[in-house]
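The block underneath contains the structure these notes are about, expressed in structure tokens.
There are 4 protein chains.
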Amino acid sequence: MGVMRLGYVHVKVTDMAEARQHYSETVGLYETGAADGKVYFKGWDEWDHHSLVLEEGGVGLVRLGMKVRKPEELAQFESAAQKFGYTVTRFSKGENAEVGDGFTVHMLGHQVDFYQDMTYLGVDVGVLNPMSHPRNLKGIGAPFLDHMLLKGDDLETAERFFVDVLDFAPVERMVASMDDGAPLIATWLSCSSKTHDIALLKGEDGGLHHFTFQLRDWGKVQDAADTLVHDDVPIDLGPTRHGITRGETIYFFDPSGNRNEVFAGGYNFNYDRPCVTWTMDQLARGLDYYKREVTETFLTVYT
Amino acid sequence: MGVMRLGYVHVKVTDMAEARQHYSETVGLYETGAADGKVYFKGWDEWDHHSLVLEEGGVGLVRLGMKVRKPEELAQFESAAQKFGYTVTRFSKGENAEVGDGFTVHMLGHQVDFYQDMTYLGVDVGVLNPMSHPRNLKGIGAPFLDHMLLKGDDLETAERFFVDVLDFAPVERMVASMDDGAPLIATWLSCSSKTHDIALLKGEDGGLHHFTFQLRDWGKVQDAADTLVHDDVPIDLGPTRHGITRGETIYFFDPSGNRNEVFAGGYNFNYDRPCVTWTMDQLARGLDYYKREVTETFLTVYT
Amino acid sequence: MGVMRLGYVHVKVTDMAEARQHYSETVGLYETGAADGKVYFKGWDEWDHHSLVLEEGGVGLVRLGMKVRKPEELAQFESAAQKFGYTVTRFSKGENAEVGDGFTVHMLGHQVDFYQDMTYLGVDVGVLNPMSHPRNLKGIGAPFLDHMLLKGDDLETAERFFVDVLDFAPVERMVASMDDGAPLIATWLSCSSKTHDIALLKGEDGGLHHFTFQLRDWGKVQDAADTLVHDDVPIDLGPTRHGITRGETIYFFDPSGNRNEVFAGGYNFNYDRPCVTWTMDQLARGLDYYKREVTETFLTVYT
Amino acid sequence: MGVMRLGYVHVKVTDMAEARQHYSETVGLYETGAADGKVYFKGWDEWDHHSLVLEEGGVGLVRLGMKVRKPEELAQFESAAQKFGYTVTRFSKGENAEVGDGFTVHMLGHQVDFYQDMTYLGVDVGVLNPMSHPRNLKGIGAPFLDHMLLKGDDLETAERFFVDVLDFAPVERMVASMDDGAPLIATWLSCSSKTHDIALLKGEDGGLHHFTFQLRDWGKVQDAADTLVHDDVPIDLGPTRHGITRGETIYFFDPSGNRNEVFAGGYNFNYDRPCVTWTMDQLARGLDYYKREVTETFLTVYT
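Chains as they are written, first to last, in my numbering: chain A, 16 to 318; chain B, 16 to 318; chain C, 16 to 318; chain D, 16 to 318.
Spelled out as structure tokens, the structure:
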């Protein structure tokens, strides 16, 4: 009930030809449309029209979309978001290509769209006696958008919005220290059985740290790393395990400098699962569980 | 919201000493209590008191428990279950050891408990800057109960109960054929992002086909297989992949003959994901995606 | 020193178009030539002209080739083979396409060629600062021919030939029982650090049980299984682990019915490693370590 | 024929209790003896008395042992080593605990023992219908010593010794550049089907860069990494893949500061395999194929 998932990420890229090559041939997404200077992609296991929108002219996040399960919930969330105090604006079917009516919450310098309908494309393997995956995937062959990490200043308010208004759960949280009143550094929020559907990181409003595609397991993380080397894509961190969420990960950059992640594993979240707390002094192990060292770029570079 | 998960499975075993050995040393669960002829176990990543109850005297399922998120939902579900037409009986805190108040739905010859509270034990790794898992797990080291497969006659009604009353989704379904009115053979139902939290199989009311523990990935499925051979546990099927749900699996028997499964993988479910249909003529590939042959015992043996 | 490896396998196929499709698109070998009704293939990590020769007209083995390290060893082995008592015939450079001078030992109803020179093609990744593997492999993408299993009647003599004349070591052996004089059922012979470069199985002279391509690990064995299902290739056994050699395996059939295997793992062999003995009553676990059941076809079907 | 393998590594440690804990509980070797201030270890899959000797008092390499296949080869190698020009000294059975007669070559500031006999202990799984591995391994559970990397100044001469006298093959080589006469930086030398049994690195005579234990695959490399974090062992590099040899690796330090490695994968070497050349400008990718960055400690720290 409520928000089902992070439905799409819409980012700017400096060079569309390079970006198309990266997301099609390296990440292995399917290009599903191109219009008005935007190019649309989906993973092979996604049925909606797109989970990624690219737009030429710079770097960083334009907007992101949260897909809501039921039409009536859309209205309830809109009203609750207004009451919460964030600025809310509406969009109509078609304004946002292939997306139905919805509204945008302006928070942390980001535009977070909520929608309940997107053009349905289906999947190559079909829904009748399907194969486990398509025969010839390209590059990494990422199946699904997983989550993203937004930067912003007032994390406490933003977390409260996700929890109180949208019924997300804080699955893991990093605080500066265990002292009372120590600031929140980051929070991993789930609206599903995954360890996170969105995460927030203390920092400049509007900053995009990364967005992430799912992979099956540690073996596929290795295959992804091999592909990244083949395609000369710079790796920022990994392959390694996160202490936070236990997931297996590689961070890398698209040709414009937007950070991507591929991610596997992590435990199954349940609402009664005890929330995990990390303190800043354990950041290194939380981030790169194996090397237990902080990568400078990971902390400083974003778009 | 609503049902969070399959919280416990309570089964009979013919010999408690052997069963204890199997679930502790081979499956690698933690024994968390023993009283009144029952022995209680949990996986290392579970925080509640138990997810498995053993009771001496025969084989097969005694009851299963569904954990509900909020107290008020418990009352709503009870009322809705009664309206639906299934027999409903109440239990009070303590009748069901370590479990709070709740009610039981009598369906398909099974007793399905609903509860919202169980004694909290926590996890060995703790919730402050935790390690990814405990240092010395035994045997397979299963972290978590995943799902179970119940047998029963009137699957159509039971599926409707899970969907209409409990808000589960039918993620994959097997029908005898694509003809109108062809009977439902099995249904995989989810209340989470997993491919299934419970599944139902056409057959004798009250029959237990198997219950399942999660594993991380295909590598851990191999390690589990190695352990099963070491401990001379008969394997019924696997290691292989299911066509249905795409999960990686091994089926094996506990010393009493109850079928266990370890399971990894499968995709992330969302409520708007198109439901997959299997027809009986593709049963072999649906069950054992690699060998594409039906194992006789898998179809005929249950407890 | 001496024999370096099983260099090539030359088999008959009933339909060349289907066979070409199988070995190119499913197994993922490179086609390196076609002449005189024969088609030649090599794995991506092989530098010699071919490791597989197909010839239309039936099924089964035509010949196999053992590559010897030094020219002078070729003459020594020829002389020793004659002395041993097997029939030996010579072939000249070119009679055997792309292969230099050599000789053939006629044993167990098989023709075993020995050669020291084959046309060098090199590898796609090159030998200067190479990538770990080519970017776009097809299907299973098998890198290298690994070993084969020949059937024959007088295994004791054949094993003695490999050991005494060619300096192979019997790494694992299966005997009918531990009784004195119990017949040898199978022997796994190595001329390298691998668990076997050739194996012999009691049976009809001239019979081919299977030939095998290497894979990296258990994860790649799964990927191979997925590919076999995609391409509707029947699997005879696996994915599983062998008790014998510990290797991870899938057996499957080419469209003509010749049995192929993909194989990963197994330990490193050394000449002082104690030889492992298997008795027939443990055949099931030796063959399919996980299921511990004998597959009827595995024991009866060969070409 | 000739040298079969790196048979043992004998190193100094600053604190025997800590070292014992590390090699037994973390690396998972079996302690097989302790006498005269030395402690002996072997991997579970090794049948000889030891592959690792620890001695208290400092850090770094005391000696290493190469096991020769046949007694007569020992004499031949001794004579050839003397002719080659390296200093050669003899040792008698028992001088070197559990080791038979042999000789030591003094090269690159190292003592390289050659022997043909060591006390045989056998393996836990036995040699009759064995299990694939013991049931309860500790920590990483390393099965076998794999190779080591020695530092030394005159690499060209040392490589020539291994190739001309001992019949090793240079499998991969790193040179400063492709210019004629550019110095050799490192060489990976094999006497087996492995990518290397010993490697040499330009540097201070007598320096020990690391010694290495085999693991099965990428999944076991992850398990090893998890264990290293549990036991708070500092990781120097990895888990990653090497460009050089393609192997999967983690480098870490024992409590005294001696560098260990666990290693899986790599291709099968044959004597006719074309030698791979690396140039210094590609060192980063050769070392850490995924991150393509040089770790400062890896280049500067040794014992």
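Where is the CB? At the ideal position from N, CA and C, for every residue including glycine.
These numbers were taken from a predicted model, which means no experiment stands behind them.
The Cβ-Cβ distance between valine 236 of chain C and isoleucine 259 of chain C does not fall below 8 Å.
Under the three-state reduction of DSSP output, aspartate 296 of chain C falls in the helix class. Shown here for glycine 58 of chain C: same chain residues with a beta carbon closer than 7 Å to its own, the five before and five after excluded, namely Leu44, Ser66, Ala157, Pro158, Phe159, Leu160, Phe228 in chain order. When 8 Å is used as the limit between beta carbons, aspartate 241 of chain D is near these residues of chain B: Ser147, His148, in chain order. When Cβ-Cβ separations below 8 Å define contact, phenylalanine 99 of chain B makes no contact with chain A.
Taking a Cβ-Cβ cut-off of 7 Å, the neighbours of glycine 234 of chain C in chain A comprise Gly234, given in sequence order. CA-CA distance, asparagine 283 of chain C to threonine 210 of chain C, rounds to 7 Å. At the C-beta level, methionine 31 of chain C and valine 54 of chain C come within 8 Å of one another.
In the displayed model, proline 86 of chain D falls within a helix according to three-state DSSP.
Burial is judged here by how many other beta carbons sit within 10 angstroms of a residue's own beta carbon; arginine 188 of chain C has at least 16 and is buried. Here tyrosine 135 of chain B is exposed: its Cβ has fewer than 16 other Cβ atoms, across all protein chains shown, within 10 Å.
With respect to aspartate 182 of chain C, glycine 80 of chain C sits apart: the two C-beta atoms are not nearer than 8 Å. With a threshold of 8 Å between beta carbons, threonine 292 of chain B makes contact with chain A. When the beta-carbon positions are compared, methionine 133 of chain B and valine 114 of chain B come within less than 8 Å of each other.
Within chain C, the residues Asn285, Tyr286, Asp287 have their CB atoms less than 7 Å from the CB of methionine 19 of chain D, given in chain order. Residues of chain A whose Cβ lies closer than 8 Å to the Cβ of histidine 245 of chain C are, in chain order, Met146, Arg150.
From the listed residues A/Arg35, A/Leu123, A/Tyr304, A/Glu61, the smallest Cα separation to valine 140 of chain A is found for A/Glu61. By the criterion of a C-beta distance shorter than 8 Å, valine 309 of chain C is surrounded in its chain by Leu298, Ala299, Leu302, Asp303, once the five residues flanking it on both sides are discounted. Taken through DSSP and simplified to helix, strand or coil, alanine 50 of chain B comes out as strand.
Nearest Cα to phenylalanine 267 of chain C within the set C/Val190, C/Thr242, C/Val291, C/Asp287: C/Thr242. Under the 8 Å criterion on CB atoms, tyrosine 304 of chain C is classed as interfacial with respect to chain B.
By the criterion of a C-beta distance shorter than 6 Å, isoleucine 155 of chain B is surrounded in its chain by Val42, Gly43, Ala239, Thr242, once the five residues flanking it on both sides are discounted. For glutamine 237 of chain B, the neighbours in chain C by C-beta distance under 7 Å run, in chain order, Trp233. By the C-beta density criterion, leucine 76 of chain C is buried, having at least 16 other C-beta atoms within 10 angstroms.
Contact between aspartate 168 of chain C and leucine 230 of chain C does not hold, since their C-beta atoms are separated by about 32 Å, which reaches or exceeds 8 Å. The C-alpha of glutamate 33 of chain A lies about 14 Å from the C-alpha of phenylalanine 56 of chain A. The alpha carbon of glycine 22 of chain B has as its nearest neighbour, out of A/Arg288, A/Asp296, A/Tyr305, A/Thr312, the alpha carbon of A/Arg288. Residue D/Ala201 holds the alpha-carbon nearest to the alpha-carbon of leucine 314 of chain D among D/Phe118, D/Phe106, D/Ala201. Just so you know, the alpha carbons of valine 190 of chain A and valine 142 of chain B end up roughly 13 Å apart.
According to the DSSP secondary-structure assignment, leucine 302 of chain D is paired through a beta bridge with no residue. For isoleucine 250 of chain D, a Cβ of chain A is located within less than 8 Å of the residue's own Cβ. Burial of proline 254 of chain C is indicated by the presence of at least 16 other C-beta atoms within 10 angstroms of its C-beta. DSSP links glycine 117 of chain C through a beta bridge to C/Phe106, C/Tyr130. In the displayed model, phenylalanine 313 of chain C falls within a helix according to three-state DSSP. For aspartate 194 of chain A, there is no enclosing alpha helix (DSSP H), as DSSP marks it with neither H nor E. Here glycine 222 of chain D has Lys166, Tyr317 as same chain residues with Cβ atoms under 6 Å from its own Cβ, once five neighbours each way along the sequence are excluded.
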